[in-house]
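The opening position of the sequence shown corresponds to residue 640 in our numbering, with each subsequent residue numbered one higher. Cβ coordinates follow ideal geometry from the N, Cα and C atoms, glycine included.
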Amino acid sequence: MQHDAINLNRLKMSLLGFGAIAWSLLAFATGGASASESLVNRLPSGVLATVEIAKLGPVISTIENSKELKQYLDSPLYDDVLKNDGVRKALAGKALAEAQLGMSLWQAAKTYLGDRVLLGVYAPSNGHEPDGVLIVQVENAGDLTKLIEKLTPLIAFAGRDVTLSDREGGGKFIKLKDGNELVVKDRWVVASKNSDLLKETLTNLTESKSSGVENEAAWKTMSQQMGDGHGAQVCVNLARIKELTGQTRLIPARLDNPVLSLLYGGLLELANSSPYVGGTLDLNKNGFSLQAALSGKASDVDEAHRAMLVDPAKPSLPFVPNVPGRLGAISLSRNFVSWYKARELLLEAKLLPEFDKFETGLATFLPGKDFAEDVLPVLTGRIAFVSAPQDFSNLDGKPGVQLPAFGLVVELAKPQEGADLFNVVTQTLLAIVNINAGQEKRQPWVQTSESYHNVQINFARFLQRPKGDQLPTAYNFQPASALVGDRFIFSSTLGLCRQLIDALNEPVSPSNGSSVPAAVLPNFVQELNPVIGADLLEANAAVIHAKSIQGGKTAEQSARELDFLCKLLRHLTTIKFDTVQHADHMRLELHGGWK
640 MQHDAINLNR LKMSLLGFGA IAWSLLAFAT GGASASESLV NRLPSGVLAT
690 VEIAKLGPVI STIENSKELK QYLDSPLYDD VLKNDGVRKA LAGKALAEAQ
740 LGMSLWQAAK TYLGDRVLLG VYAPSNGHEP DGVLIVQVEN AGDLTKLIEK
790 LTPLIAFAGR DVTLSDREGG GKFIKLKDGN ELVVKDRWVV ASKNSDLLKE
840 TLTNLTESKS SGVENEAAWK TMSQQMGDGH GAQVCVNLAR IKELTGQTRL
890 IPARLDNPVL SLLYGGLLEL ANSSPYVGGT LDLNKNGFSL QAALSGKASD
940 VDEAHRAMLV DPAKPSLPFV PNVPGRLGAI SLSRNFVSWY KARELLLEAK
990 LLPEFDKFET GLATFLPGKD FAEDVLPVLT GRIAFVSAPQ DFSNLDGKPG
1040 VQLPAFGLVV ELAKPQEGAD LFNVVTQTLL AIVNINAGQE KRQPWVQTSE
1090 SYHNVQINFA RFLQRPKGDQ LPTAYNFQPA SALVGDRFIF SSTLGLCRQL
1140 IDALNEPVSP SNGSSVPAAV LPNFVQELNP VIGADLLEAN AAVIHAKSIQ
1190 GGKTAEQSAR ELDFLCKLLR HLTTIKFDTV QHADHMRLEL HGGWK
């Protein structure tokens, strides 16, 4: 029994490793392949997971000829890489390999990896590590013939470590010292340590025979829910893994991280009933789309876990206030009351005492108020976090480290009651912070207010207007708050508070996430603007250069590195990372692009 447990653990760890390798391979894939070209149906049945990459050649050419690669090779970052002994040895090996192949490694990659690559993982046949089958398909069979001719002299020098022979039935047979076997035949290179898997795969390929893998629940469901024709795709058969490990759940009902539970608890719970977890990557000349999915819907999970999902019957969707030039935003919609009351069912017991400590600490700010009964019910569950650069117009100078402004927008089920509670919290915090003002050698805050577009803003101003070009970091902050309809704003600066008021007073439209098709429900929304990030780096160039010089770099190296990084960031478009509920499945989506 102990031996079986060890083997099952090895299987699970190997599958995790497979997932990491798969996603790494995905990062170099492109779109455009049709479902009929897939090699999945050539794999023997019983496969646990697959990763398939199609039409990689154009992507390799794009990378090879990109100005971004040229900029990197001319950058100080690459100069530093060249100082590494391992890199210099690798480059020497690269030169030898190119001489032997008679082509650059770029061309070799396009020739031998540019059509289609498929890896399949199977349960251990020897009681140890999982088995695998690798298929490499090239466009022209003649290229593999030439490759064998070029490699034959090298194989002869390898002695017993590598043997090459003619294969009965055609092709070449290569055996490695570690037990791996390769067959080169027609357009294919097939590799495996399992001779039976190798033979069956070759039979399926040469006879165009389908094993029926594409009709198994995992691959069939993924195809229906995520579509076909992706440049790269990963599929893991969760149902088969549960069967092999004898587990009814792959993810425990109680998590050891409350943040993970709150943000992704609903999605993780779906994994226990989904037949698959899958991922796809598609590239085009302007950007990429990386997606992962699990099958299931909100009604498939228990009431406790449903608190982390959007109710399709009464969708309360995340929203992002449209602040121009924002650095980033995070927004979600959760049933905080249900989640908090069900924490004993959702979280490990060792975490529960921390909630008691939290409630005790909260009593300092809201005496006599119960968090679950008095505070959480004033929230609807929709919150948004926004970050944007600030202009420091409230100062006669600027801080030495210039931070962006941060704002939190909370939607209230009971607007006035909620605003009163939050105002008490902010007033208490300001009083506590002011106590330490003298020790920190900064101006204390004075609480005041103003009317802005018929909205009353409560904010803190400095007792005296700060002056200087290298002010302490604390001068990045001028806390402000306001109630706009049923949404309460906490902001680190008065300027961002005003921007948020303008954004919340804009008419509601589908573009800001307030209305979407019923079959597609945003669950957790995140975005980051790399261009604004570059602006912030340049604004703090002096601090960055000082730290780089302290670390042993020259002023010139530091300047070149920062310049390269900022140019790279300015070449990118906004990056979005969303969790999205579909009618029958849930996705994690990462979208981005370049100019």
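Counting only the Cα atoms, N974 lies some 21 Å from A988. For V1219, the enclosing beta strand (DSSP E) begins and ends at I1214 to H1221. The criterion of a C-beta distance shorter than 9 Å is satisfied by P1118 and F1098. The C-alpha of E942 lies about 37 Å from the C-alpha of C1136.
Around the beta carbon of G1077, fewer than 16 other beta carbons lie within 10 angstroms, which makes this residue exposed. Assignment of N1097 by DSSP, reduced to helix, strand and coil, places it in the strand class. Residues of the same chain with a CB within less than 7 Å of the CB of E737, apart from the 5 flanking positions on each side, are S743 and L744 in chain order.
Excluding residues up to 5 positions away in sequence, S1026, E1166, L1167 and N1168 lie with their Cβ nearer than 7 Å to the Cβ of G967 in the same chain. The three-state reading of DSSP puts G1046 in strand, counting E and B together. DSSP, read as helix, strand or coil, puts F1031 in coil. Judged by DSSP in its simplified three-state form, Q886 adopts coil rather than helix or strand. Rounded to the nearest angstrom, the Cβ distance from L1160 to Q1220 is 4 Å, consistent with a contact under 8 Å. Secondary-structure assignment with DSSP links N923 through a beta bridge to G926. Counting along the chain, no alpha helix (DSSP H) covers D825, and no H or E run does either. Counting along the chain, Y751 sits inside the alpha helix (DSSP H) bounded by residues L744 to L752. Inter-residue distance for W1084 and L1102 is about 6 Å (C-alpha atoms, whole angstroms). Straight-line measurement puts the Cα of S1131 at about 23 Å from the Cα of V898. In the pairwise beta carbon analysis, the stretch 782-793 is classified as not touching the stretch 711-720: fewer than three pairs are separated by under 8 Å.
Here K989 carries a helix assignment [DSSP, helix/strand/coil]. Of the residues T1213, T860, L1005 and G1039, the one whose Cα lies closest to the Cα of F927 is T1213. Counting along the chain, W1084 sits inside the beta strand (DSSP E) bounded by residues W1084 to Y1091. Taking the Cα positions, G866 is about 14 Å away from E691. Considered as a whole, the stretch 1124-1209 harbours 1133-1143, 1169-1178, 1180-1189 and 1194-1209 as its complete alpha helix (DSSP H) runs of no fewer than 4 residues, in chain order. CA-to-CA, the gap between V949 and P1043 works out to about 31 Å. A distance below 9 Å separates the beta carbons of A946 and S977. Taking a cut-off of 8 Å for Cβ pairs, the stretch 688-707 and the stretch 748-759 touch, as three or more such pairs fall below it. Cα atoms of S705 and L1005: separation of roughly 58 Å, rounded to the nearest angstrom. Checking the DSSP bridge columns, you'll see L933 partnered with V916 and M1225. Remark: C-beta atoms of G1107 and D1035 approach each other more closely than 9 Å.
In the three-state reduction of the DSSP assignment, E1079 falls in the coil class. Remark: C-beta atoms of M1225 and L909 approach each other more closely than 9 Å. In this structure, A937 keeps its C-beta atom at 9 Å or more from the C-beta atom of G885. Residue state for K1008 is assigned as coil, using DSSP reduced to three classes. For G1107, the uninterrupted beta strand (DSSP E) run begins and ends at K1106 to L1110, by DSSP. Linking A1173 to L1207 through their CA atoms gives a straight-line distance of about 9 Å. In the structure shown, the three-state DSSP call for T1003 is coil.
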